[in-house]
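I have placed the structure first, in the form of structure tokens, so that the comments after it can refer back to it.
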Ligand SMILES: [Zn+2]
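In mature numbering (1 follows the signal peptide of the UniProt record, and there is no 0), the protein residues as written are -20 to -1, 1 to 231.
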């Protein structure tokens, strides 16, 4: 009996050594732990996820997007400017901020679209599947609670994503939205006219513009210049729409 057990233990040890060797080989091989999880432990999702930088369309449509809110002062100021011009936009909201600041936007989002920007502006490229799920799902629920509508778009903070991001996006039936034109709210914050021109002159049919409704004081110039941006784009014959409306105009 004792000998038999010894043999069994020896067999287990041998198997363990082989497994450890395989693990060592994997450690030398990128990807990062988060995306390795995608290879080892996932069932493939049952839905494809699109990644959208801009929309291929001939119609003169542009989508304005605002990231990182809702924040006191900033988001109401952006909403005021958009409402005054009767322009819809897309807000990629941080879930924990929305939970705290729901009163700033409640009842004001009917013409607008709200997308998911994670719970705490998380770097999704570094999160495990469980963490990515929690961050995205809590935000999903907060948006649904405040707006009465389930979001369908995810913008990963800083545009950083991992394999887990795609999996959780698929689970939530999201597509990923990046951007094709960044408002120069840092570089040109002291030159508002140039900042406006950089948006207006570089817009093309299908452009997705990224601005922020929270951040460093310099960024406030961009919010203050929103009426001028809208005027300029309309002057070039553009209509402003939400990201989902823009995607409906795709060729
Ligand atoms: Zn962000």
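Idealized CB from N, CA, C, for every residue including glycine.
All of these numbers come straight from a predicted model, not from anything done at the bench.
Checking the 8 angstroms criterion, the Cβ of residue 68 is out of range of every heavy atom belonging to ligand 1. Bridge partners of residue 155 according to DSSP: 133.
At the C-beta level, residue 149 and residue 78 stay beyond 9 angstroms of one another. For residue 75, the enclosing alpha helix (DSSP H) covers residues 75 to 85.
When the Cα atoms are used, residue 210 and residue 185 turn out to be separated by approximately 15 angstroms. In this structure, the CA atom of residue 144 is about 31 angstroms from the CA atom of residue 166.
Residue pairing by DSSP places residue 70 opposite 45, 93 in a beta bridge. When secondary structure is reduced to three states using DSSP, residue 229 falls in the coil class, being assigned neither helix nor strand. Taking a C-beta distance under 9 angstroms as the contact criterion, residue 146 and residue 156 qualify as a contact pair. In the displayed model, residue 63 falls within a helix according to three-state DSSP. Residue 34 sits in coil when the DSSP states are folded into three classes, being neither helix nor strand.
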